[in-house]
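Counted the way the UniProt record's numbering counts, the sequence shown spans residues 1 to 734. For each residue, glycine too, the CB sits at the ideal point set by N, CA and C. Below is one structure, written out as structure tokens, with a few remarks after it.
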Amino acid sequence: MKASAGEAKAKAARAQTPAQAERGCWTRAVSEVGRDGEDLRAKAEAPELQSPRRGWVMPLPDLRPWTSLLLVDAALLWLLQGPLGTLLPQGLPGLWLEGTVRLGGLWGLLKLTGLLGFVGTLLPPLCLATPLTVSLRALVAGASSVPPARVASAAWSWLLVGYGAAGLSWSLWAVLSPPGAQETEAQDKNKVLMWRLLKLSRPDLPFVIAAIFFLALAVLGETLIPHYTGRVIDILGGDFDPHAFASAIFFMCLFSFVSSLSAGCRGGCFTYTMSRINLRIREQLFSSLLRQDLGFFQETKTGELNSRLSSDTTLMSNWLPFNANVLLRSLVKVVGLYGFMLSISPRLTFLSLLDMPFIIAAEKVYNARHQAVLREIQDAVARAGQMVREAVGGLQTVRSFGAEEHEVCRYKEALEQWRQLCWRRDQEQALYLLLKRVLHLGVQVLMLSCGLQQMLAGELTQGSLLSFMINQESVRSDVHTLVFICGDMLSKVGAAEKVFSYLDRQPNLPSPGTLAPTTLQGVVKFQDVSFAYPSRPDRPVLKGLTFTLRPGEVTALVGPNGSGKSTVAALLQNLYQPTRGQVLLDGKPISQYEHCYLHSQVVSVGQEPVLFSGSVKSNITYGLQSCEDDKVMAAARAAHADDFIQEMKHGIYTDVGEKGSQLAVGQKQRLAIARALVRDPRVLILDEATSALDVQCEQVVSTVRGTGDSGAWEGARWEDQPVQKWAEGGQRTH
Numbered sequence: 001m002k003a004s005a006g007e008a009k010a011k012a013a014r015a016q017t018p019a020q021a022e023r024g025c026w027t028r029a030v031s032e033v034g035r036d037g038e039d040l041r042a043k044a045e046a047p048e049l050q051s052p053r054r055g056w057v058m059p060l061p062d063l064r065p066w067t068s069l070l071l072v073d074a075a076l077l078w079l080l081q082g083p084l085g086t087l088l089p090q091g092l093p094g095l096w097l098e099g100t101v102r103l104g105g106l107w108g109l110l111k112l113t114g115l116l117g118f119v120g121t122l123l124p125p126l127c128l129a130t131p132l133t134v135s136l137r138a139l140v141a142g143a144s145s146v147p148p149a150r151v152a153s154a155a156w157s158w159l160l161v162g163y164g165a166a167g168l169s170w171s172l173w174a175v176l177s178p179p180g181a182q183e184t185e186a187q188d189k190n191k192v193l194m195w196r197l198l199k200l201s202r203p204d205l206p207f208v209i210a211a212i213f214f215l216a217l218a219v220l221g222e223t224l225i226p227h228y229t230g231r232v233i234d235i236l237g238g239d240f241d242p243h244a245f246a247s248a249i250f251f252m253c254l255f256s257f258v259s260s261l262s263a264g265c266r267g268g269c270f271t272y273t274m275s276r277i278n279l280r281i282r283e284q285l286f287s288s289l290l291r292q293d294l295g296f297f298q299e300t301k302t303g304e305l306n307s308r309l310s311s312d313t314t315l316m317s318n319w320l321p322f323n324a325n326v327l328l329r330s331l332v333k334v335v336g337l338y339g340f341m342l343s344i345s346p347r348l349t350f351l352s353l354l355d356m357p358f359i360i361a362a363e364k365v366y367n368a369r370h371q372a373v374l375r376e377i378q379d380a381v382a383r384a385g386q387m388v389r390e391a392v393g394g395l396q397t398v399r400s401f402g403a404e405e406h407e408v409c410r411y412k413e414a415l416e417q418w419r420q421l422c423w424r425r426d427q428e429q430a431l432y433l434l435l436k437r438v439l440h441l442g443v444q445v446l447m448l449s450c451g452l453q454q455m456l457a458g459e460l461t462q463g464s465l466l467s468f469m470i471n472q473e474s475v476r477s478d479v480h481t482l483v484f485i486c487g488d489m490l491s492k493v494g495a496a497e498k499v500f501s502y503l504d505r506q507p508n509l510p511s512p513g514t515l516a517p518t519t520l521q522g523v524v525k526f527q528d529v530s531f532a533y534p535s536r537p538d539r540p541v542l543k544g545l546t547f548t549l550r551p552g553e554v555t556a557l558v559g560p561n562g563s564g565k566s567t568v569a570a571l572l573q574n575l576y577q578p579t580r581g582q583v584l585l586d587g588k589p590i591s592q593y594e595h596c597y598l599h600s601q602v603v604s605v606g607q608e609p610v611l612f613s614g615s616v617k618s619n620i621t622y623g624l625q626s627c628e629d630d631k632v633m634a635a636a637r638a639a640h641a642d643d644f645i646q647e648m649k650h651g652i653y654t655d656v657g658e659k660g661s662q663l664a665v666g667q668k669q670r671l672a673i674a675r676a677l678v679r680d681p682r683v684l685i686l687d688e689a690t691s692a693l694d695v696q697c698e699q700v701v702s703t704v705r706g707t708g709d710s711g712a713w714e715g716a717r718w719e720d721q722p723v724q725k726w727a728e729g730g731q732r733t734h
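Next comes the structure, spelled out in structure tokens:
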């Protein structure tokens with residue numbers, strides 16, 4: 001029976017057509033891979049979604065917006081050709097008014113039907129391409145109007161101009177627009193970040209106002225200089241008037257001096273504001289990072305934090321001063337220069353605006369793509385910096401394992417990713433600059449042609465044309481700067497997003513306690529404590545741990561590596577919170593004690609002591625407000641560190657180097673023990689703190705474990721040692 005059933009299936013398979021067989025394979029694959037197998041199988045077998053050749057799922061495009069666009073546009077053109085068209089004026093004003101009516105009608109009707117969507121971006125070129133083309137021909141030819149008088153009553157060729165422009169716009173947008181560029185969620189987020197940056201800069205408002213005042217003076221001088229340059233050309237080209245010539249030269253020099261002086265003061269105010277904002281952001285970010293729980297630092301790489309603290313904060317601090325400087329300067333210049341240009345020649349002024357819509361559209365697309373690639377570049381730089389810090393910080397390990405080439409290869413791969421992103425950024429920038437240059441040259445050719453016609457007609461002088469061209473070049477640069485600065489503001493906001501996320505992050509720690517009793521016995525109790533690290537919540541380290549530490553005792557916590565000895569020490573220092581149970585100090589939860597008080601009474605010395613660049617004294621008294629030299633040396637003698645300290649050139653004021661690089665490992669551990677003893681703690685934790693001390697330094701251990709003649713440093717002392725060391729040393733445990 002099984003064989004016959006298999007033969008029947010084989011015959012049925014051979015009887016299938018290739019398309020049916022391929023469709024069956026696709027259906028089986030969907031049923032095996034998809035989560036909702038039945039739904040996907042039904043979609044795969046639906047006849048309307050099957051390709052006649054291959055059987056792939058081919059979703060049909062939604063044609064309703066396009067059909068609605070054609071029908072509504074046809075109805076509007078019929079109305080404009082009939083009764084509504086008689087109400088419109090003749091000539092170019094009527095043509096522009098007709099395009100505006102079409103634009104408003106199409107947008108409103110499609111909006112009401114809910115079919116606007118992406119079609120809305122095509123309405124401006126569709127409705128205004130023909131009026132713009134006709135106006136351009138009128139400007140070049142010098143005529144007041146050019147047929148057609150109406151698009152609705154014109155030949156089909158004029159109607160196709162609008163649809164051709166809309167199709168070209170759709171093609172360019174589909175190719176150049178990055179994924180998600182139209183998402184309003186990202187735009188709303190950027191607006192919120194921009195407002196936060198403005199609020200962050202509020203303390204520097206007086207300096208910004210002073211900078212704006214000097215900016216206005218500088219722009220006024222720059223705006224008037226081309227005017228007097230044209231005056232000089234006209235005086236030299238006509239009847240020479242020495243008095244008028246000297247007056248023009250004097251005002252040129254005066255406005256140049258005022259502009260230069262004001263520009264310097266403006267730059268100084270903005271630079272000072274920039275440094276103040278940078279300092280404030282770095283202080284706030286560093287303070288926020290130091291308040292985070294240790295789980296945050298286990299999940300976040302040090303290189304990334306360093307990059308945010310150095311590079312991203314600089315971008316943020318430059319945001320308001322730089323953008324305000326460039327934005328206001330360009331805006332004031334554009335308004336003033338266009339006023340002068342209109343007074344010289346309105347026709348040439350209109351021609352100078354022809355490339356602006358295209359530049360703005362290209363700038364919008366370029367900025368969206370540039371912002372995305374800039375974020376990727378920042379992440380790549382952070383990854384490469386992390387690799388450098390890891391390799392340099394662990395250079396001894398790298399060299400001992402002969403892994404130099406491996407680290408070089410890793411760094412090369414990171415740099416290659418960064419190079420590819422930079423190459424992509426540079427390619428897009430080059431294409432954008434090429435487009436701007438071509439449009440600018442085309443507009444300049446049209447302006448010179450029209451300017452020559454006006455000079456021949458006696459409407460312009462040589463000086464006026466020269467002054468106009470100088471102003472046009474300046475205003476073109478300022479308009480492009482205005483468009484660019486909008487995208488640059490978004491890129492700076494993108495850099496601020498991660499910094500603000502760190503500033504807003506709340507540490508996974510309880511509210512700080514307030515207990516600070518004058519006397520502390522030092523009784524420690526772990527009561528049914530369970531714990532798992534935040535980065536590995538599914539791997540518990542401690543389960544139901546209960547024990548008590550009493551004053552005057554030395555308790556050794558013995559166990560193999562990874563058994564949780566250091567975890568217990570971290571819980572006792574309130575560095576982590578138990579997932580269950582409590583850690584009590586004198587019967588009170590350890591989280592209820594004030595932070596600085598707790599760490600002055602419960603002190604730990606680790607196996608790998610951390611020293612900071614600075615003097616021996618600054619490392620021993622680290623975290624203390626003030627400490628006399630005698631107390632520092634007393635702690636050093638108790639830790640048997642006074643011998644090598646006295647041999648140093650400057651004693652306790654000798655610099656130990658970065659991370660204590662000038663000291664041996666045993667010397668660093670002695671300084672760490674002295675740093676703990678100088679605080680007179682009630683609970684002292686030695687987390688394998690004597691692993692690097694030689695046999696002759698056993699007095700260090702006995703000093704710490706015992707109670708001195710004066711009774712100093714008494715309390716609960718807890719030794720954390722590996723099993724083998726305790727077995728060999730035969731140390732007493734409680």
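C-alpha distance - residue i paired with residue j, whole-angstrom precision
i	j	result
residue 517	residue 597	9 Å
residue 363	residue 104	25 Å
residue 389	residue 417	18 Å
residue 203	residue 216	22 Å
residue 387	residue 572	33 Å
residue 489	residue 361	17 Å
residue 481	residue 275	24 Å
residue 534	residue 540	10 Å
residue 375	residue 347	43 Å
residue 617	residue 623	11 Å
residue 112	residue 190	29 Å
Which residues DSSP lists as bridging residue i, in chain order
i	result
residue 615	655
residue 547	526
residue 321	None; residue 321 has no bridge partner.
residue 588	585
residue 531	542
residue 593	515
Closest by C-alpha distance to residue i, when choosing among the options
i	options	result
residue 372	422, 545, 602	422
residue 581	602, 209, 544, 321	544
residue 513	428, 100, 565, 599	599
residue 612	585, 410, 273, 672	672
residue 420	377, 405, 382, 458	377
residue 474	440, 231, 214, 384	440
residue 201	220, 455, 368, 323	323
residue 637	260, 652, 328	652
residue 502	306, 95, 74	306
residue 550	520, 330, 532	520
Where residue i falls, given that 16 or more other Cβ within 10 Å makes a residue buried
i	result
residue 207	buried
residue 561	exposed
residue 297	exposed
residue 401	exposed
residue 30	Reliability fails at residue 30, whose pLDDT of 33 lies under 50, so the model's placement of it is uncertain and no value is given.
residue 664	exposed
residue 769	Any answer about residue 769 is impossible in this case: the structure gives the chain only from 1 up to 734.
residue 601	buried
residue 538	exposed
residue 243	exposed
residue 645	buried
residue 404	exposed
residue 605	buried
N-terminal and C-terminal residue of the alpha helix (DSSP H) that residue i is part of
i	result
residue 415	404 to 456
residue 555	Looking at the DSSP string, residue 555 is not in any alpha helix (DSSP H); the run it does join, the beta strand (DSSP E), is 554 to 558.
residue 629	629 to 638
residue 459	Note, residue 459: premise wrong, no alpha helix (DSSP H); not H, not E.
residue 576	Looking at the DSSP string, residue 576 is not in any alpha helix (DSSP H), and its letter there is neither H nor E.
residue 251	242 to 290
residue 370	356 to 393
For residue i, the first and last residue of its enclosing beta strand (DSSP E)
i	result
residue 580	580 to 585
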